Amino acid sequence: MKLLFVSKLNRFARAINTIAKYVEAGKALGHEIAVFGDQSPEFPSVPYSVDVKRFDFAIFVIYETQDFPDLPYLAQLLDGMPKERRVIIDCTGRFNETIQVEHDFNHLEKMDNHMGWEWIDGFDAVAKTILQPTLTPLRADARGFLFHGFDPAAVERRYDTAEQAARSWAGKTAEPKQYGMVYVGNNWQRWSQMRSLLKAIEPIKQSVGPICLTGWAWDYRPDWAAELGVEGIDTDAAMLQQMGVELNGNVSFDQVVAFVSRARFCPVIHRPLFNHLGIVTNRTFETFCSDTIPLLMLPNQMIESIYGPAARLLAVGEDVAGHIQDILRRPEAYWDAILKTRAYLADHHSFQRRFQELSAIFDK
Amino acid sequence: MRILFVMDQRVDRGSIQSMSSYVRAGDEVGYEIALYGRTDPRFPTIRFSRDVGAFDYVVFLVESCRNWMSALRMPRIFAEVPRCRRAIVDADGMYNQIVSTDNYDRNYQWEHIRAEWLAHYRIVADKIFQPTFTPREPGVRKVLFYGYDPAQQMPPEASPGKAYDILCVGHNWWRWRQISRELLPAIERVRSQLGAIAFNGSWWDTIPAGAAELGLESAFGTDPEWLRRLRIQVKPSVSYTEVINVMSTGRINIMTQRPLFRELKILTSKYFEIFSADTTPLVMIDPDHAELVYGPAGRELALCNGIGEKLVDVLSCPKKYRDIVEEVRRHLLAHHTYCNRVQELVAALQE
């Protein structure tokens, strides 16, 4: 297949890692993958092309309106690729009626000036096929396609046994880890969950170790959010300072796995809207590549359906401190779950598998 | 004929008042005019439609942003209405060479940004209209676009009481230099002879978040302490449905225009809207331009020299100025109603 992805790439956010993996896996499988546009010096390993007609399908990967190209390019794209061969991957559930979950929305008129109906009309006008990275799309005219995937080759450190993994993780056969817990991601609709997690950890923070949050807006609530009255980018600088939480800037997509591997724990948190819609992200899978114990803070049903049965043990549940203390007491059991989950992900969610799924969708 | 406008509609800024007037005037002269979108309670006087294909022409009303003409919105319009039936009203003079006034206000900072705009325009439409008497670029057609809506006229007997001697209803967007160099020093000189003063609108006492990042800090210059010293109240912006009423609470209303617009002689909604209020409008434009728009009586309302004395004179001789304003209104009725504007727009679209 010759696939042309259309999206605005950003080395610190959204789908860059997933698209880079499609390029890599596609090459190995004999597919040709490129991103629409002029070659970006920032992503030399990602081929770009504006030769639209050379491709079989254009796949729009949409988070925000800016993911669509600007007009002269857009016109070129629409003229060069018939609608039947244009596909949208709706990464944030825009192609739905307006949904509010806590402070989280799928339509943010205040920020992008587009009302809910425009997302539906707009997607319908651009593409024949709308895919959403969930197993359970709400609309009959959207199809589930998880899009993001797991790359077994990206696993930071491989182990033959859970015992070996647990010993290394505990610093017995490898360097002790720099952090107790890290989180890599922007503070957009994450604070309520992060706050609960930190509060729960506070009484045992000595045994967890240093905590580090990286990404945007963990240190302050942006002025524009206050001006527009946009909730969900809250933070509590005093609480973070009092807990000694280290705040760092963004981590480039190609450094995330290694960075997370510097911590014993890494939470997997999805936006409330994503939990509601069952939407997965790059981080859903990528966290399992790092040499860390994922703390799954996701709905149980989602954990089982995406990660398989072994991952049940990795679900944090209500008693966060108890869960972490149990990991510290018997890490081998948890590493056993991680190794089994990695195997499950390799079987069910590899990028090879994603290509097969895409091919089946296109065949239909 | 059916005309569909597409714009970045905001309830308290831009050209939304003119949309309301186009819908009303269109009905009066037999054209169906609507704004792209869904019925919205914030815009009770505007007819909305999403049935793009049912319209003969689509007119994009473009101000100083274009990101609202997003790829989410445009493909549907492109698919249903061919380019020859699409037009742009270039309200902020973006379809020009780079124009910079006194190294302050400008349409573009960089040539490559201008090139991107023009490329965008070429895809969107093949007709470009500008609301000025003298377009500078070949291929741009003069369409004054904004007008006077007699149906909005506030009769004195229905007018709210006068709470202010002076009102300035509008946003502090490239206005501060004129306000701080001309208006405020004049007010300072005669402040003891003036009653309450208010500025209604955004950014008179704060700079919006992100202005510095966008290199637009100078567009929002302000001095809240000076305003406080002059006892000038800063009030929030008002919805277009309330603006005539609010203006009518002032004995004098002052209209300012950004320097770029004064340079390009671009008209705005405010030129005419201010004459619908029960007030004495004073316009901070040069007298020749005031005469061109408002007729000979308009010169008397141009606020450029002797500003302090003029403010005091208007407050002390209301009858004299009421007569001048009435004469201007007669001129507007003869030359600048929205019924005229609708006909002019239709003619321009059909050319």
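Here the protein sequences come in this chain order: A and B.
Using the numbering used here, read the first sequence as starting at 1 and increasing by one per residue.
Using the numbering used here, read the second sequence as starting at 365 and increasing by one per residue.
The beta-carbon is built from N, C-alpha and C at its ideal position, and this holds for glycine as well.
Nothing here was measured: the structure is a model prediction, and the numbers come from that model.
Would residue i pass as an interface residue toward chain B - the criterion being a Cβ-Cβ separation below 8 Å?
| i | result |
| --- | --- |
| Phe68 of chain A | yes |
| Pro331 of chain A | no |
| Pro72 of chain A | yes |
| Ala15 of chain A | no |
| Asn187 of chain A | no |
| Met302 of chain A | no |
| His107 of chain A | no |
| Thr98 of chain A | no |
| Thr65 of chain A | yes |
| Trp216 of chain A | no |
| Ala75 of chain A | yes |
| Trp117 of chain A | yes |
Between residue i and the rest of its own chain, which residues show a CB-CB distance below 7 Å, the 5 nearest in sequence each way excluded?
| i | result |
| --- | --- |
| Arg553 of chain B | Gly672 |
| Gln126 of chain A | Strictly speaking, residue 126 of chain A in this sequence is Val, with Gln absent from that position. Counting only Cβ-Cβ distances below 7 Å, and skipping sequence neighbours, we find Phe60, Arg86, Ile88. |
| Asp104 of chain A | Gln189, Gly232, Arg271, Pro272, Leu273 |
| Tyr685 of chain B | Thr644, Val678 |
| Leu213 of chain A | Tyr183, Val245, Leu247 |
| Thr403 of chain B | Phe412 |
Just to confirm, are residue i and residue j a CB contact at a threshold of 8 Å?
| i | j | result |
| --- | --- | --- |
| Ile19 of chain A | Val52 of chain A | no |
| Leu656 of chain B | Phe497 of chain B | yes |
| Val422 of chain B | Val370 of chain B | yes |
| Phe285 of chain A | Met181 of chain A | no |
| Thr643 of chain B | Ile616 of chain B | yes |
| Ala217 of chain A | Asn250 of chain A | no |
| Glu357 of chain A | Phe145 of chain A | yes |
| Arg411 of chain B | Leu425 of chain B | no |
| Phe123 of chain A | Val184 of chain A | no |
| Ser350 of chain A | Phe150 of chain A | yes |
| Val280 of chain A | Thr134 of chain A | yes |
| Gln263 of chain A | Lys364 of chain A | Here the sequence assigns Ala to residue 263 of chain A, which means Gln is not the residue at that position. Taking 8 Å as the Cβ cut-off, Ala263 of chain A and Lys364 of chain A do not qualify as a contacting pair. |
| Arg478 of chain B | Ile452 of chain B | no |
| Thr605 of chain B | Gly534 of chain B | no |
Could you please give the first and the last residue of the uninterrupted alpha helix (DSSP H) stretch that includes residue i?
| i | result |
| --- | --- |
| Gln132 of chain A | Premise fails: Gln132 of chain A lies in the beta strand (DSSP E), 129-132, not in any alpha helix (DSSP H). |
| Glu396 of chain B | No alpha helix (DSSP H) contains Glu396 of chain B, which is instead part of the beta strand (DSSP E) from 396-400. |
| Asp124 of chain A | 116-126 |
| Gly80 of chain A | 71-80 |
| Lys674 of chain B | 671-680 |
| Asp326 of chain A | 320-329 |
| Asn17 of chain A | 16-29 |
| Thr284 of chain A | 282-286 |
| Cys703 of chain B | 702-714 |
| Leu277 of chain A | 272-277 |
8 Å is my cut-off, CB to CB: does residue i come that close to chain A?
| i | result |
| --- | --- |
| Gly378 of chain B | no |
| Ser566 of chain B | no |
| Gly534 of chain B | no |
| His484 of chain B | yes |
| Ile410 of chain B | no |
| Ile487 of chain B | yes |
| Arg437 of chain B | yes |
| Arg406 of chain B | no |
| Arg414 of chain B | yes |
| Arg478 of chain B | no |
Please list, in chain order, all residues of the same chain as residue i whose beta carbon is under 8 Å from its beta carbon, the five residues on each side excluded.
| i | result |
| --- | --- |
| Arg406 of chain B | Val375, Ser603 |
For residue i, report the span of its beta strand (DSSP E) as first-last.
| i | result |
| --- | --- |
| Val35 of chain A | 32-36 |
| Tyr307 of chain A | Run containing Tyr307 of chain A: none in the beta strand (DSSP E); it sits in the alpha helix (DSSP H), 300-307. |
| Glu246 of chain A | 246-248 |
| Arg615 of chain B | 614-619 |
| Asn536 of chain B | First-last for Asn536 of chain B: undefined, no H or E at that position. |
| Val422 of chain B | 421-426 |
Once the 5 residues before and after residue i are set aside, which same chain residues still bring their CB inside 6 Å of it?
| i | result |
| --- | --- |
| Met81 of chain A | Val52, Ala58 |
| Lys8 of chain A | Gln66, Asp67 |
| Pro748 of chain B | Any property of residue 748 of chain B remains undetermined from this structure, which presents chain B solely from 365 to 715. |
Residue i touches chain C at which residues, Cβ-Cβ below 7 Å?
| i | result |
| --- | --- |
| Asn113 of chain A | Absent from the structure is chain C; the protein chains it does hold are A and B. |
Using a Cβ cut-off of 7 Å, which residues of the segment 119-153 of chain A contact any Cβ in chain B, in chain order?
Trp119, Asp121, Gly122, Ala125, Val126
At a Cβ cut of 8 Å, what residues of the segment 439-463 of chain B count as close to chain A, listed as they run along the chain?
Pro439, Arg440, Phe442, Ala443
Mind checking the segment 220-254 of chain A against chain B and listing, in chain order, the residues whose C-beta falls within less than 9 Å of any C-beta there?
Pro222, Asp223, Trp224, Ala225, Ala226, Glu227, Leu228
Listed from N- to C-terminal order along the chain, which residues in the segment 78-90 of chain A have their beta-carbon within a distance smaller than 9 Å of any beta-carbon of chain B?
Leu78, Lys83
Compile a chain-ordered list of the residues in the segment 545-573 of chain B whose CB is closer than 7 Å to at least one CB of chain A.
Pro572, Ala573
Selection of the segment 422-435 of chain B by Cβ proximity to chain A, strictly under 9 Å:
Arg430, Asn431, Trp432, Met433, Ser434, Ala435
Please name the residues in the segment 606-621 of chain B whose beta-carbon is closer than 8 Å to at least one beta-carbon of chain A, in chain order.
none
Of all the residues that make up the segment 389-402 of chain B, which are near chain A by a beta-carbon distance shorter than 9 Å?
Gly401, Arg402
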